[in-house]
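Participant:
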Amino acid sequence: MLMKQERTLTNCKRIGNHLILLDRLLGSGHYGKVYLSYEISQKDDKNLITDKPLACKIIEREKLSATAHRQV
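Given below as structure tokens:
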């Protein structure tokens, strides 16, 4: 897998065991926002951003219904 050069990681989220760079807002809706994202991996004590783009939806929990809240 190709890696981009190291750069400043200012807009990152930890999702499970993954560290994700949220690069650009793609869209938003009632429950949250969708970002163009890249997974960050560590190699030789450096943070490297993968070339594989991801779509990452960030859900705002406070906007979920009570039923959906119990499922998350």
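Okay, so the sequence shown: first residue is 651 according to the working numbering, each after it adds one.
Built from N, CA and C at the ideal position, the CB exists for glycine as well.
Owing to the predicted nature of the structure, the values given are computational and were not obtained by experimental measurement.
(1) Near His680, what residues of its chain come up, given a Cβ to Cβ distance below 7 Å and the 5 sequence neighbours on each side ignored?
(2) So what does Ser619 bridge to, in DSSP terms?
(3) Name the DSSP beta bridge partners of Leu714, please?
(4) Residues in the same chain with beta-carbon distance under 8 Å from Gly682, minus the five sequence neighbours each way, listed in chain order, please.
(5) From what residue to what residue does the beta strand (DSSP E) around Thr660 run?
Facilitator: Taking the definition as stated:
(1) The residue you call residue 680 lines up with position 30 of the sequence shown. The residues are Lys713.
(2) Here the chain covers residues 651 to 722 and nothing more, so residue 619 does not appear.
(3) Mapped onto the sequence shown, residue 714 falls at position 64. Note: Leu714 sits in no beta bridge, so no partner.
(4) Taking the first residue of the sequence shown as 1, we reach residue 682 at position 32. So the qualifying residues of the chain are Lys707, Ile708, Ile709, Glu710 and Lys713.
(5) Counted from its first residue, the sequence shown places residue 660 at position 10. No beta strand (DSSP E) contains Thr660, which DSSP labels as neither H nor E.
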